[in-house]
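First up is the structure itself, then whatever we jot down about it.
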Amino acid sequence: MGSPRWYYQISGQWLPWIAIVTVSLLVVGSIWGLAIAPMDFRQGNSYRIIYIHVPSVFVAMSGYMVMAIAAAITLIWKMKLAEVVMKCCAPIGAGMTFIALLSGSLWGKPTWGTYWVWDARLTSVLILFFLYLGVIALYEAFEDNISASKACAILSLVGSVNIPIIHWSVEWWNSLHQPATLKLTEESTMHPDMLYPLLIMIAGLYCLFALLLLLHTRSEILVRERGTKWVKELIAAK
Amino acid sequence: MQFDSFSDFLTMGGHGVYVWTVYGIALLVLSALVITPLRRDRRFFVEQSMLLRRDRTVDRKTTDIDSE
């Protein structure tokens, strides 16, 4: 257990199921959010961007935590699989953060009258984007995998201070950004007709993150293990 | 359904440009993230099976020479 070969086999069995669940959730959530959910009485239809914006921010931040935990495991136990997970989180997280920033910006224009303000929430998410890009670039800058992983692991861990800053930025500093709509400890202020599609989209994007992480890690494992007998057997069987 | 007609659905009371751009770009970025590892895998298998076949032919040739 925990070996690349075991992981490759077991993840191959999960892949189609996660794909089916992901696609169903995202299709249902998008149609519901775009066409069936009622219009917001203050923001009009622009609020429909929330069904992309909030889920992508959640996944961008959780993805960073996955990367930082994998980084800690890489540094402490030098586990191969954790190293691969850390490396693969970076492009996925960068993509999610890009969507979060872009959707926020395009939501800001009709609601705040501007695409961008340099306030704490927006700036800290921009830093998150640069941290992801930093990990990708740093990995590429090293010749050997071991030094690259070590450097990236340290960067990921140091950068994780940004996550609580993003979370509490709207409470610590004055911000144009509205406070959280969804709270774990309190009842949501959102109407159920708007809330259900949002929850479906959040679940869908989390499943997509899992799916993407499986696809990227499997691909990375194949390349790294190409000299081994089990990968050669896979190649011969193709 | 919240919209009276399909054109209503597209314009979204003037917010259509923002909403559809966001959904479009999200779809684009996410599809790119799905396609990248799949294409990489396909290339990997094509290249590696070529290498494997070449190695086998080389092996066979060397045994041919050995037997001559």
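Going down the list, the sequences are from chains S and B. Residue 1 is where the first sequence starts when you use the working numbering, and the numbers rise one by one after that. Residue 1001 is where the second sequence starts when you use the working numbering, and the numbers rise one by one after that. The beta carbon of each residue, even a glycine, is placed where N, CA and C say it ideally should be. It should be emphasised that the depicted structure is a prediction, and the values quoted were computed from it without experimental measurement.
Within the model, the alpha-carbon separation for S:A137 versus S:I99 is close to 20 Å. Burial of S:M96 is indicated by the presence of at least 16 other C-beta atoms within 10 angstroms of its C-beta. DSSP lists S:G44 as the bridge partner or partners of S:D40. Within its own chain, the residues whose Cβ lies closer than 6 Å to the Cβ of S:H177, once the five positions on either side in sequence are excluded, are R121 and V170, listed in chain order. Remark: C-beta atoms of S:M65 and S:M86 do not approach each other more closely than 9 Å.
If you check the CB distance, S:L155 and S:L131 come in under 9 Å.
Around S:D193, the same chain offers A37 and P38 as residues with beta carbons nearer than 7 Å, after the five sequence neighbours per side are excluded. Bounds of any alpha helix (DSSP H) do not take in S:E225, whose DSSP letter is neither H nor E. Contact between S:S149 and S:E83 holds, since their C-beta atoms are separated by about 5 Å, short of 8 Å. Boundaries of the alpha helix (DSSP H) harbouring S:P164: N162 to W172, taken from the DSSP string.
For S:H53, the enclosing alpha helix (DSSP H) starts and ends at I50 to W77. Interface residue (Cβ-Cβ distance to chain S less than 9 Å): B:S1007 is not classified as such. Residue state for S:D144 is assigned as coil, using DSSP reduced to three classes. The beta carbon of S:P38 sits closer than 9 Å to some beta carbon of chain B.
In this chain, S:P179 is not harboured by any alpha helix (DSSP H), its DSSP state being neither H nor E. Taken atom to atom, the span from the alpha-carbon of S:S124 to that of S:C152 is near 20 Å. In this structure, DSSP gives S:H191 a state outside helix and strand, which the three-state scheme calls coil. Per the coordinates, the alpha-carbon of S:G29 lies some 14 Å from the alpha-carbon of S:S56. Assigned with DSSP and collapsed to three states, B:D1004 falls in coil, not helix or strand. With its beta carbon less than 9 Å from one in chain B, S:F98 belongs to the interface. Below the 7 Å Cβ cutoff, chain S contributes L106 as neighbours of B:T1021, in chain order.
Out of S:T74, S:Y206 and S:F142, the CA that lies nearest to the CA of S:G63 is found in S:Y206. Under a 10 Å Cβ-count criterion, S:P16 is classified as exposed, with fewer than 16 other Cβ atoms of the shown protein chains found around its own Cβ. The continuous stretches of alpha helix (DSSP H) do not include S:A35, and DSSP gives it neither H nor E. Here S:R48 is near B:M1012, since their CB atoms are less than 9 Å apart. Assigned with DSSP and collapsed to three states, S:V117 falls in coil, not helix or strand. Here S:S3 carries a coil assignment [DSSP, helix/strand/coil]. The region 218-233 of chain S and the region 69-79 of chain S do not touch, with fewer than 3 CB-CB distances between them shorter than 8 Å.
Of all alpha-carbon atoms in S:Y51, S:F58, S:Q43 and S:G44, the one lying nearest the alpha-carbon of S:P164 is that of S:F58.
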